[in-house]
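Notes for the one structure printed next.
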Amino acid sequence: MSRLLLAILLTIWLAQPGLARTLEIEVHGMTCAFCVDSLQRSFNKNQLVKKVDVSLEQKKVRLVTDGDLPSEETIRKMILDAGFTPTRITVLPDSVDQ
Amino acid sequence: MGLRSLVALPVDKGGTVVRFTLQSTEEEERDAFITSAAYGISANQTLLLGLPYRIEPADEDRTGDLLVLYRHIVWRKDYLEGTDRLGLLLGTLLPSQSENDSAVQAGLVFTHFKNRNEIDGDLVYRFGNDDRRDSARYDLSWQYRLGPARRPAWGLAPELNSVLELNGRWQQDEEVVHQATVGLQWIHPRLVLEGGIVRDISNGDETLILLSTRLHF
Numbered sequence: 000m001s002r003l004l005l006a007i008l009l010t011i012w013l014a015q016p017g018l019a020r021t022l023e024i025e026v027h028g029m030t031c032a033f034c035v036d037s038l039q040r041s042f043n044k045n046q047l048v049k050k051v052d053v054s055l056e057q058k059k060v061r062l063v064t065d066g067d068l069p070s071e072e073t074i075r076k077m078i079l080d081a082g083f084t085p086t087r088i089t090v091l092p093d094s095v096d097q
Numbered sequence: 000m001g002l003r004s005l006v007a008l009p010v011d012k013g014g015t016v017v018r019f020t021l022q023s024t025e026e027e028e029r030d031a032f033i034t035s036a037a038y039g040i041s042a043n044q045t046l047l048l049g050l051p052y053r054i055e056p057a058d059e060d061r062t063g064d065l066l067v068l069y070r071h072i073v074w075r076k077d078y079l080e081g082t083d084r085l086g087l088l089l090g091t092l093l094p095s096q097s098e099n100d101s102a103v104q105a106g107l108v109f110t111h112f113k114n115r116n117e118i119d120g121d122l123v124y125r126f127g128n129d130d131r132r133d134s135a136r137y138d139l140s141w142q143y144r145l146g147p148a149r150r151p152a153w154g155l156a157p158e159l160n161s162v163l164e165l166n167g168r169w170q171q172d173e174e175v176v177h178q179a180t181v182g183l184q185w186i187h188p189r190l191v192l193e194g195g196i197v198r199d200i201s202n203g204d205e206t207l208i209l210l211s212t213r214l215h216f
C-alpha cells in the first residue's frame, strides 16, 4: 500500500510543470527596435533563458528561465556587449510555468 | 541613424549590419548602387566599409574606391530616455583602379537620442595622397518617430521615422555644396527600409533620390 502511495506521489511530482523564474533588468540607452533586436537574440542563445521580452517603453528586459538563473555578471556583460548599460536587476517572485 | 551616413549606426559586439543603397540623379543620369557594412568588434569599436558601384554611365570603371573606417566610441552616456555618444573615426580610401590615389581620413561622430528624437552629426576630413584632392563632408540628421506615438508595453513593433538632414560636401579648390535631405524610415527589428530626396541648396543644382535597406545579422 505504501509503495502504491509512493508511486502515485512520485507520478504527481513528476507531472508538475517546472518552476520558472523571471528576471527583470532595467537597461539604459535602449533606443530603436533595430538596435535592440541584437540584445533579444543574444539572450535567446543563452541555454538558461527560455523566453525574452523587451520593453522599449519601460526600458526593461524580462528573462524567463526554467529555474537556474544566468549569473549577474553574464547578464551585465551581454547587455554591455549589445551596446547598452544595465542598471537594476530584479528577480521577480517565483511562478509556476504553465 | 540618418540617410546619408553610416557612421552613427549602433552595432553590437559580433553583429553585422549591411546597407544597400540605390542613388539616382535625374539631371545627369548618374545612378549608383552602394553597399555598406558595419561590423561590431566590441560595443565601442566598429569597422565600417563602403563600396560604390556605378550603374550609369555604364563605362568600364564602374567599381568605386573602397571606404574603410574604424569607429571608436570614446564617450557614452546612457540614461533611461536615451543615449549620448561621441565617436572618433579613422580610416582610408582604397582605390579600385591603379590610376586612382588613396586617401587617409579622420573625423568624429556624435549621437543624441532621447525619447522620439534622434540627432546625429558627423564630420570627416579626407587627406588625399598624390593627385587626390583633399575633401570633407558633414552630415547633421534629425530623425523623429512619427509612430507609434506610444510603444507597446512589451515587444518590438515596427516604427516610422521622418528624417531631415543638412549635409555638406567639399573638395579642395571648390566651394562647399550644402544639401538638404528629406526622407522616411520604416524600422522593423531586423530590417530598415528608407528613402529620401537630396537637394543642393548652395553651389549646386542637383537633386538626388535615395532608396536603401538595412539588414541586421
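From first to last, the protein sequence lines are chains A and B. Just so we're aligned: 8 in numbering that gives the first Met the number 0 is position 9 of the first sequence, and the numbers increase by one with no gaps anywhere. Just so we're aligned: 58 in numbering that gives the first Met the number 0 is position 59 of the second sequence, and the numbers increase by one with no gaps anywhere. Ideal placement from N, C-alpha and C gives every residue a C-beta, glycine not left out.
Residue i vs residue j beta-carbon contact at 8 Å
i	j	result
F35(A)	V63(A)	For the record, residue 35(A) in the displayed sequence is Val; it is not Phe. No, the pair does not count as a contact, with Cβ atoms beyond the cut-off.
V6(B)	L68(B)	yes
T45(B)	S95(B)	no
L79(B)	L107(B)	no
R29(B)	T180(B)	no
L66(B)	G39(B)	no
V51(A)	V26(A)	no
F83(A)	I186(B)	no
R132(B)	Q171(B)	yes
E164(B)	S140(B)	yes
R125(B)	A135(B)	yes
A42(B)	L18(A)	no
R18(B)	S35(B)	yes
D129(B)	T110(B)	no
G14(B)	F216(B)	yes
E71(A)	P151(B)	no
K49(A)	D65(A)	yes
A37(B)	V73(B)	no
L210(B)	V197(B)	no
Y137(B)	N166(B)	yes
P188(B)	L155(B)	yes
E55(B)	E205(B)	no
G81(B)	F32(B)	no
E23(A)	T73(A)	no
P69(A)	L47(A)	yes
L85(B)	R70(B)	no
Coarse secondary structure for residue i, derived from DSSP in three states
i	result
D11(B)	coil
I208(B)	strand
I78(A)	helix
V95(A)	Unreliable placement is indicated for V95(A), whose pLDDT of 47 sits below 50; the coordinate value is still reported in the next sentence. Three-state result, V95(A): strand.
E23(A)	strand
E72(A)	helix
R61(B)	coil
A105(B)	strand
E80(B)	coil
G90(B)	strand
L55(A)	coil
W12(A)	Note that W12(A) scores 48 on pLDDT, short of 50, meaning its location in the model is unreliable and no value can be drawn from it.
V67(B)	strand
D199(B)	strand
L85(B)	strand
L2(B)	coil
Endpoints, the alpha helix (DSSP H) within which residue i is located
i	result
F33(A)	32-43
Proximity test, Cβ basis, 8 Å: residue i and chain D
i	result
T212(B)	The question asks about chain D, but that chain is absent: this structure's protein chains are A and B.
Span of the beta strand (DSSP E), counted from its first residue to its last, around residue i
i	result
R136(B)	134-146
P85(A)	84-90
S35(B)	29-39
N99(B)	No beta strand (DSSP E) holds N99(B); DSSP gives it neither H nor E.
V123(B)	116-127
Q44(B)	44-55
Residues that DSSP places opposite residue i in a beta bridge
i	result
W153(B)	According to DSSP, which records beta bridges pairwise, W153(B) is partnered with nothing at all.
V73(B)	Paired residues: none, contrary to the question.
F19(B)	T34(B), T212(B)
N166(B)	D138(B), Q178(B)
K50(A)	V63(A)
Q184(B)	N160(B), E193(B)
Nearest-angstrom Cβ-Cβ length linking residue i and residue j, presumed shorter than 8 Å
i	j	result
L190(B)	R213(B)	7 Å
S201(B)	H177(B)	4 Å
G127(B)	A105(B)	That pair is no contact at about 13 Å.
D77(B)	G1(B)	Rounded, the Cβ-Cβ distance is 21 Å, inconsistent with contact.
K58(A)	M77(A)	Contact doesn't hold; Cβ gap of about 16 Å is too wide.
The ligand MN heavy atom lying under 7 Å from the CB of residue i
i	result
T110(B)	The ligand MN is not among the ligands present in this structure, which contains no ligands whatsoever.
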